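A.B. asks: One structure, as structure tokens, below. Some questions next.
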Amino acid sequence: MAGSPKEPATEPNTPTPKACHMFDNICHTALRAVPKLVGIVESMNETAAPQNSEQRNVFLDKAHPAAWRALNGLGLKAKEAATEAGLDGALIELLNVRISQINGCAYCLDMHVGDAVKNGESAQRLAVLSAWRDTTLFSEKERAALTLAEAITTISDAHARDHEGAQARRHLTADEFSAVSWLAITMNAFNRVSIVSQHPVRADRD
């Protein structure tokens with residue numbers, strides 16, 4: 000006697016439709032997560048990777064503190080000479096700002112603009128300092144000092160340098176001429192140290 004019909008046999012490892020659907024969902028979710036995981040890993044690698052020696056700033060003042068102290072000492076002596084020659088604090092800082100403008104030293108500008116204000120310099124004169132020749136806001140002595148400081152900073156050709164030096168000497172005594180020269184020489188050195196070191200300018204904390 001024939002038996003009742005049986006369900007067709009299936010292989011033991013053949014997945015059911017429900018299992019296939021679940022597997023598809025898992026794969027889809029995993030694939031969507033891959034870009035995020037890659038981004039996280041790349042970010043971790045960038046954070047963990049040591050900085051290349053070419054990317055690190057070399058602070059010259061920290062690398063050779065004795066040389067930096069010597070330069071600071073020279074700067075103080077130049078400022079003392081300027082004060083003894085009769086140059087006031089506002090003019091000294093005005094020269095520091097103008098030299099730093101020419102050299103493009105952000106760190107020194109940030110410092111000496113503040114020092115100029117503390118010494119009584121006006122916001123208006125600081126605002127037009129880069130075009131001081133086109134204003135009437137500066138005295139003859141200040142204009143002479145600015146002319147000399149600019150000539151030393153830009154190292155003009157011999158003819159121009161002699162002409163600018165002669166102009167400056169008309170309104171500056173020998174002591175004032177020498178003092179302005181030393182101020183310009185030292186400020187140029189400070190500018191170069193800060194520019195090479197890439198000293199950062201910090202945001203004001205008001």
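Per numbering that gives the first Met the number 0, the sequence shown runs over residues 0 to 205.
The beta-carbon is built from N, C-alpha and C at its ideal position, and this holds for glycine as well.
Computed from a predicted structure; not experimentally measured.
(1) Which same chain residues end up closer than 7 Å to V200 when comparing Cβ atoms and leaving out the 5 residues on each side of it in sequence?
(2) Using the Cβ count rule (16 or more neighbours within 10 Å means buried), how would you classify I154?
(3) Let me know the secondary structure DSSP gives H162 once reduced to three states.
(4) If we ignore side chains and look at the alpha-carbon of each, how far apart do L90 and H63 end up?
(5) Tell me which residues share the same chain as Q166 and place their Cβ nearer than 8 Å to its Cβ, disregarding the 5 neighbours each side in the sequence.
(6) Please name the residue, chosen from G88, R68, Q197, that lies closest to L182 on a Cα-to-Cα basis.
(7) Quick one: give me the first and last residue of the alpha helix (DSSP H) that V116 is part of.
(8) Using DSSP with H/G/I as helix, E/B as strand and the rest coil, what is F176?
(9) Can you tell me whether N56 is helix, strand or coil according to DSSP?
(10) Where does F137 sit, in a helix, a strand or coil, going by DSSP?
(11) With DSSP as the reference, label Q100 as helix, strand or coil.
(12) Check whether the stretch 111 to 119 touches the stretch 91 to 100, counting contact only when three or more Cβ pairs, one atom from each stretch, lie closer than 8 Å.
(13) Can you say whether A178 is buried or exposed, counting buried as having 16 or more other CB atoms within 10 angstroms of its CB?
(14) Assign V195 to one of two classes, buried (16 or more other C-beta atoms within 10 Å of its C-beta) or exposed (fewer than that).
(15) Using beta-carbon positions only, say whether H170 and E139 come within less than 8 Å of one another.
(16) Could you pull the start and end residues of the alpha helix (DSSP H) that W67 belongs to?
(17) State the Cα-Cα distance for the pair I101 and D174, rounded to the nearest angstrom.
(18) Between F137 and L86, what straight-line distance do the alpha-carbon atoms span, to the nearest angstrom?
C.D. replies: Let me spell this out:
(1) Listed in chain order, the non-local C-beta contacts of V200 below 7 Å within the same chain comprise A105, Y106, D109, local neighbours out to five positions each way being set aside.
(2) With fewer than 16 other Cβ atoms within 10 Å, it is exposed.
(3) H162: helix per DSSP, three-state reduction.
(4) If you take the alpha carbons of L90 and H63, they lie about 31 Å apart.
(5) Residues A143, T146 of the same chain have their beta carbon placed closer than 8 Å to that of Q166, with the five preceding and five following residues left out of the count.
(6) The option with the nearest alpha carbon to L182 is G88.
(7) First-last of the alpha helix (DSSP H) with V116: 105 to 117.
(8) Of the three classes helix, strand and coil, the one that applies to F176 here is helix, per DSSP.
(9) Coil at N56, not helix or strand.
(10) Here F137 sits in coil by DSSP.
(11) Three-state DSSP puts Q100 in a helix.
(12) Yes: the two stretches touch, three or more of their Cβ pairs being nearer than 8 Å.
(13) Here A178 is buried. Its C-beta has 16 or more other C-beta atoms within 10 Å.
(14) By the 10 Å Cβ count, V195 comes out exposed.
(15) Contact flag set, yes.
(16) Its alpha helix (DSSP H) spans residues 64 to 83.
(17) Take the alpha-carbon of I101 and the one of D174: they are about 25 Å apart.
(18) Approximately 14 Å, taken between the alpha carbons.
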